[in-house]
Amino acid sequence: LVADEARKLGFAEIIEPRDCDIVAKLRALHAPEYVDAFVEGRSCWLTCSQGWTWTPEIRDGVLAINKGQLTAAEIALEEGIAANVAQGFHHATYGHGAGYCTFNGLALVAQELPDSSVVVLDCDEHGGNGTEDFTEILPNLRQVTIHGASFGAHGSEKSVCVNLGSVTDDFTPYRDALELAFEKIYEWWPDLVIYQAGADPHVDDPLGSVGMTTEQMRERDRFVFDGLRDRSIPVLFVLAGGYQEPIREKLMPLHVNTFEEAFRSFNGL
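Per the numbering used here, residue 1329 is the first one in the sequence shown, and the count goes up by one each step.
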């Protein structure tokens, strides 16, 4: 739904993921026994540790999403910006999935770009605990996570955690958090930023607590895209959480707004 709408409105061109041996790459990132169990659909807790009942369609979708992540990273480095119309990365740890995240496609990019510095700016409602774990494994990976629920992210030298309450009536704390995030980004000066543009901090989301209005979410996205554009730091953005229903009327437009803000920023509109 998001991809079709973004394309229809002229905000994006859809490119199929480039083929690669994604299973081998994921086995290098995660525990091989976990990857094998998921790929083969073995009847064990690992196959559904992210929270879904395993099906071949889910497996194929997850593998395609991770291929798309690597394709989008390549395009972002070449052209300055790209997106992966995908969800489900930042809670996945080395040995298992969690929170609807099977494999950590954020860490996967860092693994596949060992000579490049990668920073994740995570603006999901829930903290990037899985990514935080991978910052301790991959020397070129860092993150800033701005969230309402920590989800086990505690913070470290390479993982900056900002926990916020509701900002519905005063966006200042969120803007301050973004300022802090960009201070770290400019300090680290990465070759690539991966922006997790979560829709679940929205005020109407059933799992949200940050309480951003639709306009505040646009301001968040605008701040991120303008800041990275102005300093010529390539950005790959991905869609993160969002649980409003009906999806077409409530959730999909929030994700499409992120595409619109990216389009406006990088086209100088």
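Glycine included, each C-beta is placed from N, C-alpha and C at the ideal position. Just so it is clear, the structure is predicted and the values come from calculations on it, not from any experiment.
- By the Cβ-count criterion, N1595 is exposed, with fewer than 16 other Cβ atoms from all chains shown falling within 10 Å of its own Cβ.
- Under the three-state reduction of DSSP, Y1523 is assigned to strand.
- D1519 and R1559 have their C-alpha atoms some 11 Å from each other.
- The C-beta distance from A1365 to G1423 rounds to 11 Å, too long to meet the 8 Å contact threshold.
- Rounded to the nearest angstrom, the gap between the Cα atoms of Q1471 and E1515 is 12 Å.
- Nearest C-alpha to V1566 among L1337, D1443, L1469 and D1452: D1452.
- The beta carbon of I1575 sits closer than 7 Å to the beta carbons of L1329 from its chain, once the five residues preceding and following it are set aside; these are given in chain order.
- Buried is the label assigned to D1533, since at least 16 other Cβ atoms lie within 10 Å of its Cβ.
- Judged by DSSP secondary structure, V1563 falls within the beta strand (DSSP E) whose first and last residues are V1563 to L1567.
- Residues of the same chain with a CB within less than 7 Å of the CB of I1386, apart from the 5 flanking positions on each side, are W1380 in chain order.
- By the neighbour-count criterion, in which a residue is buried when 16 or more other Cβ atoms sit within 10 angstroms of its Cβ, S1487 is buried.
- With a threshold of 16 other beta carbon atoms within 10 Å, A1481 meets it and is buried.
- Straight across, the Cα-Cα distance linking D1528 with S1444 is about 30 Å.
- Contact between I1350 and N1412 is ruled out by a C-beta separation of about 13 Å, above the 8 Å threshold.
- Three or more beta-carbon pairs separated by less than 8 Å link the segment 1499 to 1514 to the segment 1538 to 1551, which places the two stretches in contact.
- If you draw a straight line from the Cα of G1569 to the Cα of L1374, it is about 22 Å long.
- For L1357 against Q1439, the beta-carbon gap comes to about 5 Å, under 8 Å, which counts as contact.
- The alpha-carbon separation between N1457 and E1333 amounts to approximately 31 Å.
- Here the alpha carbon of L1436 sits roughly 19 Å from the alpha carbon of G1408.
- In this chain, the alpha helix (DSSP H) harbouring I1350 covers I1350 to L1357.
- In the DSSP assignment, I1474 falls within the unbroken beta strand (DSSP E) covering L1469 to H1475.
- Membership of L1449 in any alpha helix (DSSP H) is not indicated; the residue belongs instead to the beta strand (DSSP E) covering V1446 to D1450.
- The C-beta distance from P1345 to A1392 rounds to 6 Å, short enough to meet the 8 Å contact threshold.
- Comparing alpha carbon positions, the residue from L1449, G1416 and F1591 closest to G1433 is G1416.
- Listed in chain order, the non-local C-beta contacts of S1593 below 8 Å within the same chain comprise R1550, F1553, D1554 and R1557, local neighbours out to five positions each way being set aside.
- Nearest C-alpha to I1474 among Q1524, E1368, E1547 and A1352: Q1524.
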